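Numbering (the numbering used here), first residue to last: 941 to 1082.
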């Protein structure tokens, strides 16, 4: 098993190593939505590389990132905030969501699995809303 061990430099290196494959996947795309959990090595390191490549290819990039829970520690939060700063350099739209918000929409009886289902549903709703914008004809007044 390959792991980044909370080191974004390792995640970045893996993504850079796979740059040709990333370009192949993005080839022909007009829009890419990237969902990334930040604070560790994989998301914090690789998301910047993917958004940079997409930008270079002229692909419209929406990046939805989650910040760690406060109980995960200041180190992970610092990694996440550094990653957000790098991602914003390349992403056309960057939405940052704090995992702490889960505590406002759940209770002590909500299971870990149910919490992830809530997050999945929120992400699916976000994607659906963005796609509706592109699918729906509208009138723009200037």
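Virtual Cβ for every residue (Gly too), placed ideally from N, Cα, C.
Since the structure is predicted, the reported quantities are computational estimates derived from the model, not experimental observations.
Proximity below 8 angstroms, CB of residue i to CB of residue j
| i | j | result |
| --- | --- | --- |
| residue 987 | residue 1023 | yes |
| residue 999 | residue 1035 | no |
| residue 1004 | residue 1037 | yes |
| residue 1065 | residue 1019 | no |
| residue 1039 | residue 1014 | no |
| residue 989 | residue 974 | no |
| residue 959 | residue 993 | yes |
Residue(s) in a DSSP beta bridge with residue i
| i | result |
| --- | --- |
| residue 1007 | 1038 |
| residue 1033 | 1002 |
Interface flag, residue i vs chain B, CB-CB below 8 angstroms
| i | result |
| --- | --- |
| residue 1047 | Among the protein chains of the structure shown there is no chain B, as only one such chain exists. |
Whole-Å CB distance - residue i paired with residue j, under 8 angstroms assumed
| i | j | result |
| --- | --- | --- |
| residue 977 | residue 983 | 5 angstroms |
| residue 997 | residue 966 | 6 angstroms |
| residue 1012 | residue 968 | So it is not a contact: roughly 37 angstroms between Cβ atoms. |
Query raised in the report: Which parts of the stretch 946-1005 are runs of the beta strand (DSSP E), unbroken and 3 residues or longer, counting only runs that do not cross its ends?
Result: 971-977
Query raised in the report: Quick one: any contact between the stretch 1054-1063 and the stretch 1016-1031, if contact means 3 or more CB pairs under 8 angstroms?
Result: Flag = no, the stretch 1054-1063 and the stretch 1016-1031 do not touch.
Requested in this report: Evaluate the contact criterion for the stretch 1038-1045 versus the stretch 945-959: three or more CB pairs, one atom per stretch, below 8 angstroms.
Outcome: Counting Cβ pairs under 8 angstroms, fewer than three are found: no touch.
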